[in-house]
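See structure below.
2 protein chains.
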Amino acid sequence: MVEDQVGAFIPGPRTERAGAAEGPLAGLTFAVKDLYDTAGDVTGYGNPDWARTHPPAAGDAAVVTALLEAGARLVGKTKTVELAYGLTGENVWHGTPINPAAPDRFPGGSSCGSAAAVAAGLADIAMGSDTGGSVRIPASYCGIYGIRPSWGAVSLTGACPLGPAYDTAGWFTAGASLLRRVGDVLLPPPSGAAATGPLLKVQEAWVNADPETAAALAPVLEAAEGVLGLALPIHLAPEGLAAFYEAFRCAQAVEAWTSLGPWITENDPAFGPGVKERFAAARGMDPAKASAGRAFRRIVQARIRALLAGGAVLVYPTSPSPSPLLSASQAEQNAVREKTMGVTAIAGLCGLPEVTIPAGRVAGAPVGLSFVGAPGSDRAVLALAELVSQAAGLPA
Amino acid sequence: MVEDQVGAFIPGPRTERAGAAEGPLAGLTFAVKDLYDTAGDVTGYGNPDWARTHPPAAGDAAVVTALLEAGARLVGKTKTVELAYGLTGENVWHGTPINPAAPDRFPGGSSCGSAAAVAAGLADIAMGSDTGGSVRIPASYCGIYGIRPSWGAVSLTGACPLGPAYDTAGWFTAGASLLRRVGDVLLPPPSGAAATGPLLKVQEAWVNADPETAAALAPVLEAAEGVLGLALPIHLAPEGLAAFYEAFRCAQAVEAWTSLGPWITENDPAFGPGVKERFAAARGMDPAKASAGRAFRRIVQARIRALLAGGAVLVYPTSPSPSPLLSASQAEQNAVREKTMGVTAIAGLCGLPEVTIPAGRVAGAPVGLSFVGAPGSDRAVLALAELVSQAAGLPA
Numbered sequence: 001m002v003e004d005q006v007g008a009f010i011p012g013p014r015t016e017r018a019g020a021a022e023g024p025l026a027g028l029t030f031a032v033k034d035l036y037d038t039a040g041d042v043t044g045y046g047n048p049d050w051a052r053t054h055p056p057a058a059g060d061a062a063v064v065t066a067l068l069e070a071g072a073r074l075v076g077k078t079k080t081v082e083l084a085y086g087l088t089g090e091n092v093w094h095g096t097p098i099n100p101a102a103p104d105r106f107p108g109g110s111s112c113g114s115a116a117a118v119a120a121g122l123a124d125i126a127m128g129s130d131t132g133g134s135v136r137i138p139a140s141y142c143g144i145y146g147i148r149p150s151w152g153a154v155s156l157t158g159a160c161p162l163g164p165a166y167d168t169a170g171w172f173t174a175g176a177s178l179l180r181r182v183g184d185v186l187l188p189p190p191s192g193a194a195a196t197g198p199l200l201k202v203q204e205a206w207v208n209a210d211p212e213t214a215a216a217l218a219p220v221l222e223a224a225e226g227v228l229g230l231a232l233p234i235h236l237a238p239e240g241l242a243a244f245y246e247a248f249r250c251a252q253a254v255e256a257w258t259s260l261g262p263w264i265t266e267n268d269p270a271f272g273p274g275v276k277e278r279f280a281a282a283r284g285m286d287p288a289k290a291s292a293g294r295a296f297r298r299i300v301q302a303r304i305r306a307l308l309a310g311g312a313v314l315v316y317p318t319s320p321s322p323s324p325l326l327s328a329s330q331a332e333q334n335a336v337r338e339k340t341m342g343v344t345a346i347a348g349l350c351g352l353p354e355v356t357i358p359a360g361r362v363a364g365a366p367v368g369l370s371f372v373g374a375p376g377s378d379r380a381v382l383a384l385a386e387l388v389s390q391a392a393g394l395p396a
Numbered sequence: 001m002v003e004d005q006v007g008a009f010i011p012g013p014r015t016e017r018a019g020a021a022e023g024p025l026a027g028l029t030f031a032v033k034d035l036y037d038t039a040g041d042v043t044g045y046g047n048p049d050w051a052r053t054h055p056p057a058a059g060d061a062a063v064v065t066a067l068l069e070a071g072a073r074l075v076g077k078t079k080t081v082e083l084a085y086g087l088t089g090e091n092v093w094h095g096t097p098i099n100p101a102a103p104d105r106f107p108g109g110s111s112c113g114s115a116a117a118v119a120a121g122l123a124d125i126a127m128g129s130d131t132g133g134s135v136r137i138p139a140s141y142c143g144i145y146g147i148r149p150s151w152g153a154v155s156l157t158g159a160c161p162l163g164p165a166y167d168t169a170g171w172f173t174a175g176a177s178l179l180r181r182v183g184d185v186l187l188p189p190p191s192g193a194a195a196t197g198p199l200l201k202v203q204e205a206w207v208n209a210d211p212e213t214a215a216a217l218a219p220v221l222e223a224a225e226g227v228l229g230l231a232l233p234i235h236l237a238p239e240g241l242a243a244f245y246e247a248f249r250c251a252q253a254v255e256a257w258t259s260l261g262p263w264i265t266e267n268d269p270a271f272g273p274g275v276k277e278r279f280a281a282a283r284g285m286d287p288a289k290a291s292a293g294r295a296f297r298r299i300v301q302a303r304i305r306a307l308l309a310g311g312a313v314l315v316y317p318t319s320p321s322p323s324p325l326l327s328a329s330q331a332e333q334n335a336v337r338e339k340t341m342g343v344t345a346i347a348g349l350c351g352l353p354e355v356t357i358p359a360g361r362v363a364g365a366p367v368g369l370s371f372v373g374a375p376g377s378d379r380a381v382l383a384l385a386e387l388v389s390q391a392a393g394l395p396a
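Given below as structure tokens:
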């Protein structure tokens, strides 16, 4: 067992399991976020009261089974933000994982332990989950690859819910080729959905990014243009990204409370700061606001899916900035969260696959560049990310 | 016979023919540009030497047959720029038709007589042809509706060629509903191709337009947003519209010379100014430039067709300005031509259907707003133009 110098894994004995002797991922290791079931273990979901009130899992989550059958070896369960409801990756109960790429900054969340495990080389593959950015953001912050698949593309059977109409099962790797190979195992068979371009440079997301972040991503964007042709600047969100975030926040909050409210009400769990406030807001969410959010979602879904139907690919900074410093105030963190979730809400609201590649550094800290395709184009976007990474000289 | 006060028809006895007694266009009249054959008549193609060296047509052009069978009555053949190679609508041999909507300005060409006939109420429907803008521009200049169909959608059998890979058979009407009804007769059966949005506001074409023209079109653009949702600003031509025009000009010139050069060489016809120079340029076109133009065409075709595959619709000013004054210098006319053909080359290079609607006036002269869909979406774009026209209170 490799020593966990970054606090990626949950405390306690490590869950380990050998994979099949042969398979496309034989010889590789994987970790899973502690919201996926592994038979015989209590799934902790980042919160001691959750662990206390849930029995050991009867079976493995579908993705655990699939990865084991593909030959990968399970090497542990990783930390998550409590009930996956946060983007910095903090966990007051288990300790916040260290960001191996920028130790003075947050790892990003909610799949913080999975990102840290891959970035530190503790696992070749790590499963996370992504509702509002929980794979994409830690991948960007930790300088690794990550995919949030099309909504519904990868099974969430045996995973704890946060917002079922938004939840996806995603994963991290250190290189583009392995990211794609995991997709070959977990994704549905190839569909006709393409990612052949044009590249659409979503202006609102580029303007929303810090200038240093946008500048740091320029060389890889140029490499992508070498693959798919000149990027076309487009405004996708004439209502403003803040409206995207607001729609996502309101609609998803109601889902979070529907999924988790009964347990919270019954058990009155202790929550760390931030998480507590978010669930309080979810509980109090105005149904009219949630309904307006869902209506807005239908509009932008139709708009953006129509644009991508012929193979177009959105490209923008995964996060508008590198990870906040651990010393950042709560107000600073909230400001980052708001700016970030306007961008993550694009794929989030529309159910689109988004692959982030570690494309640059700002003040020494990583930032990712995202490629986003039509629903079902996951394999095509993964192949594109591999091609772009090769063209840009990034980790294959 | 209605008197031709605007000089829309070619000189000489009027070609007239009754349509079928019943049919979807029964009771309506139509005219055809004098590059479509009508049995027993010499097709003049706007040039006396062409007329002198060609025998009477053995049969009717396919579109003539189709309109007659649909019940419309043929009321005459209309003037065209010589060999359809010009945009102002001048014809030194037959006289330039008067623009009924702006008599001090050019009617636009090359389908000048057809546009003038509809604008003056001399025919309900008039067939034109559009290679580089020859329906769209006179429709915009004369304040009427016009469609350049998808390349290949409407038969050109029995029509004189200009650039076979770019030529299309289009038509004019005074209202949106009849424009669509003619499409029901001439277009292939409904395909799956949609024009359901989003609206993409092609920035290069809006910036290319005179500010007064852009402003005059704003109310109808807003009506279109009411139908399809907020327009998304996009840059489609990072290479610049001048590159679009250059590619079109070079690639199409070689086609024009291939189609018409043998006749020109053999007959040494007299041409009016402008036409003469354009054919001289076509004859001397560098094959490498034409080849580069074709390569560029493939690139932008793939780009723009992919964007439109899911139902997106481009929207932009049909012409960047109203028609030039008849007193405009040749240099002024050339400048307008260059600015105009960068925009018309979008649908021209990509084989897209473009419907222009009479959406505004600048200094009393009409300007059109274009809606452009995926290849094969002609019926959907016509239906959209009708909806937008209704929403904007334009001629139904």
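Residue numbers (the numbering used here), protein chains in the order written: chain A, 1 to 396; chain B, 1 to 396. Beta carbons: idealized from backbone N, C-alpha and C, even for Gly.
Considering Cα atoms alone, identify which of A:271, A:273 and A:294 is closest to residue 250 (chain A).
For the purposes of this step, residue 250 (chain A) is taken as the residue at position 250 of the first sequence. Looking at the Cα atoms, A:294 is the closest of the given residues.
Sort out for me which residues DSSP pairs residue 370 (chain B) with in a bridge.
Taking the second sequence and counting its residues from 1, the one referred to as residue 370 (chain B) is at position 370. For residue 370 (chain B), which the question treats as bridged, DSSP gives the partners B:316 and B:356.
Cβ closer than 7 Å: which chain A residues qualify as neighbours of residue 346 (chain B)?
The residue labelled residue 346 (chain B) in the question sits at position 346 within the second sequence. Those do not exist, as residue 346 (chain B) stays about 13 Å from chain A at its closest Cβ, beyond 7 Å.
Tell me the residue span of the beta strand (DSSP E) that contains residue 92 (chain B).
One-based indexing of the second sequence puts residue 92 (chain B) at position 92. Run containing residue 92 (chain B): none; DSSP gives neither H nor E here.
Using a 10 Å radius around the Cβ and a threshold of 16 neighbouring Cβ atoms, would you call residue 2 (chain A) buried or exposed?
Your numbering for residue 2 (chain A) matches position 2 in the first sequence. Label assigned to residue 2 (chain A): exposed.
Could you name the residues of the same chain whose beta carbon sits closer than 7 Å to that of residue 51 (chain A), not counting the 5 residues immediately before and after it, in chain order?
One-based indexing of the first sequence puts residue 51 (chain A) at position 51. The answer, listed in chain order, is 42 and 44.
Closer than 8 Å is the cut-off here; do at least three beta carbon pairs connect the region 178-198 of chain A with the region 254-273 of chain B?
no
Residues near residue 177 (chain B) in its chain [Cβ-Cβ closer than 7 Å; skip 5 each side]:
Counting from 1 along the second sequence, the entry for residue 177 (chain B) is found at position 177. Closer than 7 Å at the Cβ level, and outside the excluded window around residue 177 (chain B), lie 386 and 396.
Counting only the same chain and skipping the five closest in sequence on each side, list residues whose C-beta sits under 7 Å from that of residue 164 (chain B).
For the purposes of this step, residue 164 (chain B) is taken as the residue at position 164 of the second sequence. Excluding sequence neighbours, residue 164 (chain B) sits near 255 and 259.
Nearest chain A C-beta to residue 373 (chain B) closer than 8 Å, yes or no?
Looking up residue 373 (chain B) in the second sequence gives position 373. Judged by the 8 Å Cβ criterion, residue 373 (chain B) is not in contact with chain A.
Does the beta-carbon distance from residue 108 (chain B) to residue 89 (chain B) come in below 8 Å?
If you number the second sequence from 1, residue 108 (chain B) lands on position 108. If you number the second sequence from 1, residue 89 (chain B) lands on position 89. The answer is yes: Cβ separation under 8 Å.
Name the residue from B:23, B:356, B:353 and B:160 whose alpha carbon lies nearest to the alpha carbon of residue 36 (chain B).
Position 36 of the second sequence, counting from 1, holds the residue named residue 36 (chain B). When each option's Cα is compared against that of residue 36 (chain B), the closest is B:160.
Please report how far the alpha carbon of residue 140 (chain A) lies from the alpha carbon of residue 320 (chain A), in whole angstroms.
Reading the first sequence from its first residue, position 140 is the one you call residue 140 (chain A). Reading the first sequence from its first residue, position 320 is the one you call residue 320 (chain A). Distance between the alpha carbons of residue 140 (chain A) and residue 320 (chain A) is about 10 Å.
Among residues of its own chain, excluding the 5 on either side of residue 67 (chain A), which ones have a beta-carbon nearer than 6 Å to its beta-carbon?
As a first step, residue 67 (chain A) must be located in the first sequence, where it is residue number 67. Excluding sequence neighbours, residue 67 (chain A) sits near 30.
C-beta contact flag for residue 87 (chain A) and residue 248 (chain A) at 8 Å:
Here residue 87 (chain A) is taken as the residue at index 87 of the first sequence, counted from 1. Here residue 248 (chain A) is taken as the residue at index 248 of the first sequence, counted from 1. Result no, Cβ atoms of residue 87 (chain A) and residue 248 (chain A) do not sit closer than 8 Å.
With DSSP as the reference, label residue 286 (chain B) as helix, strand or coil.
In the second sequence, the residue the question calls residue 286 (chain B) occupies position 286. Coil at residue 286 (chain B), not helix or strand.
Could you give the distance in angstroms between the alpha-carbon of residue 357 (chain B) and the alpha-carbon of residue 245 (chain B)?
To locate residue 357 (chain B), count along the second sequence from 1; it is residue 357. To locate residue 245 (chain B), count along the second sequence from 1; it is residue 245. Distance between the alpha carbons of residue 357 (chain B) and residue 245 (chain B) is about 23 Å.
Does DSSP put residue 31 (chain B) in a helix, in a strand, or in coil?
Residue mapping note: residue 31 (chain B) aligns to position 31 of the second sequence, counting from 1. Residue 31 (chain B): strand per DSSP, three-state reduction.
Can you give me the Cβ contacts of residue 194 (chain B) inside the same chain, cut-off strictly under 7 Å, excluding the 5 residues immediately before and after it?
Counting from 1 along the second sequence, the entry for residue 194 (chain B) is found at position 194. Excluding sequence neighbours, residue 194 (chain B) sits near 311, 377 and 380.
Quick check on residue 309 (chain B) - is its C-beta less than 8 Å from some C-beta in chain A?
Against the second sequence, residue 309 (chain B) aligns to sequence position 309. Answer yes: the Cβ-Cβ gap between residue 309 (chain B) and chain A drops below 8 Å somewhere.
Within 8 Å of any Cβ in chain A, is that where the Cβ of residue 238 (chain B) sits?
Looking up residue 238 (chain B) in the second sequence gives position 238. Yes, contact with chain A.
Consult DSSP for residue 14 (chain A) and reduce its assignment to one of helix, strand or coil.
If you number the first sequence from 1, residue 14 (chain A) lands on position 14. Residue 14 (chain A) falls in the coil class under three-state DSSP.
Starting from residue 148 (chain A), follow the beta strand (DSSP E) in both directions and report where the run begins and ends.
Your numbering for residue 148 (chain A) matches position 148 in the first sequence. From DSSP, the beta strand (DSSP E) with residue 148 (chain A) extends over 145-148.
Residue range of the beta strand (DSSP E) that includes residue 201 (chain A):
Your numbering for residue 201 (chain A) matches position 201 in the first sequence. Element bounds for residue 201 (chain A): 199-202.
Cross-chain neighbours of residue 387 (chain B) in chain A, by beta carbon under 8 Å
Walking along the second sequence from the start, residue 387 (chain B) turns up at place 387. Within 8 Å Cβ-Cβ: nothing; residue 387 (chain B) doesn't reach chain A, min ~17 Å.
Near residue 212 (chain B), what residues of its chain come up, given a Cβ to Cβ distance below 6 Å and the 5 sequence neighbours on each side ignored?
Here residue 212 (chain B) is taken as the residue at index 212 of the second sequence, counted from 1. Cβ within range, chain order: 362.
With DSSP as the reference, label residue 339 (chain A) as helix, strand or coil.
Stepping through the first sequence from its first residue, residue 339 (chain A) is reached at position 339. Three-state DSSP puts residue 339 (chain A) in a helix.
Is DSSP giving residue 378 (chain B) helix, strand or coil here?
Position 378 of the second sequence holds residue 378 (chain B). Three-state DSSP puts residue 378 (chain B) in a helix.
Identity of the residues DSSP links to residue 220 (chain B) by a beta bridge
Within the second sequence, residue 220 (chain B) is the residue found at index 220, counting from 1. Residue 220 (chain B) pairs with nothing; no bridge assigned.
Check distances from the C-beta atoms of the region 187-210 of chain B to those of chain A and list, in chain order, the residues that come in under 9 Å.
194, 196, 197, 198, 200, 201 and 203
Going along the chain, which residues of the region 214-240 of chain B sit with their C-beta nearer than 8 Å to a C-beta in chain A?
229, 230, 231, 232, 233, 234, 235, 236, 238 and 239
Quick one: Cα of residue 238 (chain B) to Cα of residue 303 (chain B), how far?
By 1-based counting over the second sequence, the position of residue 238 (chain B) is 238. By 1-based counting over the second sequence, the position of residue 303 (chain B) is 303. So the alpha carbons of these two residues sit roughly 12 Å apart.
At least one CB of chain A closer than 8 Å to the CB of residue 306 (chain B): is that the case?
Here residue 306 (chain B) corresponds to residue number 306 of the second sequence, with the count starting at 1. Judged by the 8 Å Cβ criterion, residue 306 (chain B) is in contact with chain A.
Checking 8 Å against the spacing of the C-beta atoms, do residue 369 (chain A) and residue 106 (chain A) come in under that value?
Within the first sequence, residue 369 (chain A) is the residue found at index 369, counting from 1. Within the first sequence, residue 106 (chain A) is the residue found at index 106, counting from 1. It is not a contact, given that the beta carbons lie outside the stated cut-off.
Who are the Cβ neighbours of residue 16 (chain B) in its own chain at under 8 Å, not counting the five residues just before and after it?
In the second sequence, residue 16 (chain B) corresponds to position 16, counting from 1. Excluding residues within five positions, the ones whose Cβ falls inside 8 Å are 1, 73, 74, 75 and 76.
Using a Cβ-Cβ cut-off of less than 8 Å, list which residues of the region 276-302 of chain B approach chain A; keep chain order.
299 and 302
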